[in-house]
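A quick write-up on the structure given underneath.
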Amino acid sequence: MRISTASPGRAGSSRSTPASVASPRRASRADDACLDGGAPWPSPRASSIGSRPSWPGAGTLDARPAPEEWSAREHLAHLARHATVFLERVDRILGEDRPALGRYRAEQDPEWPEWRGLPLAEALARLASAQTRLSAWARGLGDDDARRTAVHPAFGEMPVSHWLDFFLLHQAHHLYVAMIRVAEGRRPAEPAGE
38 MRISTASPGR AGSSRSTPAS VASPRRASRA DDACLDGGAP WPSPRASSIG SRPSWPGAGT
98 LDARPAPEEW SAREHLAHLA RHATVFLERV DRILGEDRPA LGRYRAEQDP EWPEWRGLPL
158 AEALARLASA QTRLSAWARG LGDDDARRTA VHPAFGEMPV SHWLDFFLLH QAHHLYVAMI
218 RVAEGRRPAE PAGE
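Its first residue numbered 38, the sequence shown is counted upward by one per residue in the numbering used here.
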């Protein structure tokens, strides 16, 4: 997670400093403003996921480009499940010394089939709840917690800030793919033989 989009002395700068590069510290008022609705930490109130004017009907949301690929609704359900799993991982990072956190794979998650079948409204409600809890946690992150680390199997030991970056990139990826699936579902089918 990027703690602030403004460098000291340069308000409004688009350049940001990773928390792991800057000395770990409690968020300042300027940082709170960033966390409360400015980029890069999404405020649950300003999230484009839950507040999107309207998601399409079930046919478009459930369309898959190939049988083995997820639909838009499944990607959104995955975002909700992954956010919940990430909250559990945050608890481990705060409660254990350098925990080893394996890769999350939905296919290996015994709870994924239930989440995968959630109606869109429920998936978005669960996602908003997890985002609210993560946002509150990030705002209250103290110096000692900011220094805590966990070990990823591919990336090695990472501080909390990198775990948050990783989480946000993962969320952005799946939201992007969900939006692509919706766009694909809205395109008229191509006539056979062309």
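We put the beta carbon where it would ideally sit given N, CA and C, even for glycine.
Output the distance between the C-alpha atoms of residue i and residue j, rounded to the nearest integer angstrom.
{"i": "Leu-98", "j": "Ala-109", "result": "5 Å"}
{"i": "Gly-139", "j": "Ala-162", "result": "26 Å"}
{"i": "Ala-183", "j": "Pro-196", "result": "7 Å"}
{"i": "Glu-106", "j": "Ser-172", "result": "30 Å"}
{"i": "Glu-125", "j": "Arg-224", "result": "39 Å"}
{"i": "Glu-144", "j": "His-211", "result": "15 Å"}
{"i": "Tyr-141", "j": "Gly-96", "result": "28 Å"}
{"i": "Pro-104", "j": "Phe-123", "result": "28 Å"}
Write down the C-beta distance between residue i and residue j rounded to the nearest angstrom, noting that I regard them as a contact closer than 8 Å.
{"i": "Glu-194", "j": "Pro-102", "result": "Actually they do not touch by this definition, with Cβ atoms about 37 Å apart."}
{"i": "Ala-167", "j": "Thr-121", "result": "5 Å"}
Could you say which of the options lies nearest to residue i if we only look at CA atoms?
{"i": "Arg-170", "options": "Val-127, Gly-96 and His-115", "result": "Val-127"}
{"i": "Ala-175", "options": "Asp-134, Ala-160, Phe-204 and Ala-137", "result": "Phe-204"}
{"i": "Pro-156", "options": "Trp-107, Glu-111 and Pro-225", "result": "Glu-111"}
{"i": "Val-188", "options": "Leu-131, His-210, Thr-121 and Glu-105", "result": "Leu-131"}
{"i": "Ser-198", "options": "Trp-152, Arg-185 and Glu-151", "result": "Arg-185"}
{"i": "Leu-201", "options": "Leu-212, Tyr-213 and Leu-178", "result": "Leu-178"}
{"i": "Phe-192", "options": "His-119, Gln-145 and Ala-137", "result": "Ala-137"}
{"i": "Arg-135", "options": "Leu-206, Gln-208, Ala-209 and Pro-190", "result": "Pro-190"}
{"i": "Asp-181", "options": "Gly-96, Glu-133 and Pro-104", "result": "Glu-133"}
{"i": "Leu-164", "options": "Pro-104, Gly-96, Tyr-213 and Gln-208", "result": "Gln-208"}
{"i": "Trp-152", "options": "His-119, Gly-96 and Tyr-213", "result": "His-119"}
Once DSSP output is grouped into helix, strand and coil, what is the label at residue i?
{"i": "Glu-144", "result": "helix"}
{"i": "Ala-191", "result": "coil"}
{"i": "Pro-102", "result": "coil"}
{"i": "Pro-196", "result": "strand"}
{"i": "Val-214", "result": "helix"}
{"i": "Pro-225", "result": "coil"}
{"i": "Val-219", "result": "helix"}
Beta-carbon separation of residue i and residue j under 8 Å?
{"i": "Ala-215", "j": "Ala-160", "result": "no"}
{"i": "Ala-114", "j": "Arg-218", "result": "no"}
Within 7 Å: the Cβ of residue i and any heavy atom of the ligand MG?
{"i": "Val-197", "result": "Here there are no bound small molecules, and the ligand MG is not part of this structure."}
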